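A.B. asks: In UniProt numbering, the protein residues as written are 1 to 207.
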């Protein structure tokens, strides 16, 4: 829930699940891939989608682009309450009708927004495997600098690169909630990251 105090998050390869599940139970979860811009979320989502038959990749950025078609432009669609509400509602609908599991690659750089969205999913009865991809800030800057240039933000005139650089947060990994799987995307390949996420996904069956 928005504004709820955050418990200290677990570090890499530490997983915690509420309650007990029968042996062999395959968790029906939402895999939320969080992390800074250029941390490797989209690449990891593709790898997980390839390995998980029946899964669906849901990018909440598309919800923001949709809202920007209807609403006056602002600096960040995550600031729109409608975006945060629709992100939760869309994920729940996709899980209900289409996907098991649902893979969501989306940075949630503001702690209150992360708590609101992940809390909303949990309140609706969804199991969320929250993964945070951590990388050295210099690595993220280098990756961002090599991306194709995008148009400037219409609201602020700021370039897409400057906008992303302004949101780098080297301390973000230390503020993730308890139960988060924190992985170093600057030290592991996409395949190795996927191995770690799938191990956490499958470990629910033995808890």
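Cβ coordinates follow ideal geometry from the N, Cα and C atoms, glycine included.
Predicted model, so just to flag it, every value in this text is computed and none were measured.
Measuring straight from C-alpha to C-alpha, what distance separates residue 80 and residue 110?
C.D. replies: Between residue 80 and residue 110, the C-alpha separation is close to 13 Å.
A.B. asks: Kindly indicate which residue of 179, 180 and 196 has the alpha-carbon position closest to the one of residue 187.
C.D. replies: Looking at the Cα atoms, 196 is the closest of the given residues.
A.B. asks: Which one of 63, 52 and 200 has the shortest CA to CA distance from residue 106?
C.D. replies: Of 63, 52 and 200, the residue nearest in Cα terms is 63.
A.B. asks: Mind checking residue 120: buried by the 16 CB within 10 Å criterion, or exposed?
C.D. replies: Under this definition residue 120 is a buried residue.
A.B. asks: Assuming contact is defined by CB atoms lying nearer than 8 Å, are residue 30 and residue 91 in contact in what I supplied?
C.D. replies: Yes, these two residues count as a Cβ contact at 8 Å.
A.B. asks: Assuming residue 185 and residue 133 make a contact with CB atoms under 8 Å, what is their CB distance in whole Å?
C.D. replies: Yes, they are in contact, since the Cβ atoms of residue 185 and residue 133 sit about 4 Å apart, within 8 Å.
A.B. asks: If you draw a straight line from the C-alpha of residue 55 to the C-alpha of residue 189, how long is it?
C.D. replies: Taking the straight line from one Cα to the other gives about 21 Å.
A.B. asks: For residue 103, count the other beta carbons within 10 Å of its own beta carbon; 16 or more makes it buried, fewer makes it exposed. Which is it?
C.D. replies: So residue 103 counts as buried.
A.B. asks: I'd like to check one pair, residue 57 with residue 39: are the Cβ atoms closer than 8 Å?
C.D. replies: No, the Cβ-Cβ distance between residue 39 and residue 57 is not below 8 Å.
A.B. asks: Which of the three DSSP states, helix, strand or coil, is assigned to residue 151?
C.D. replies: For residue 151, the pLDDT reaches just 49, beneath the cut-off of 50, and the residue's location in the model is therefore unreliable, although a value from the coordinates is still provided. In the structure shown, residue 151 sits in coil (DSSP, three-state: anything other than H, G, I, E or B).
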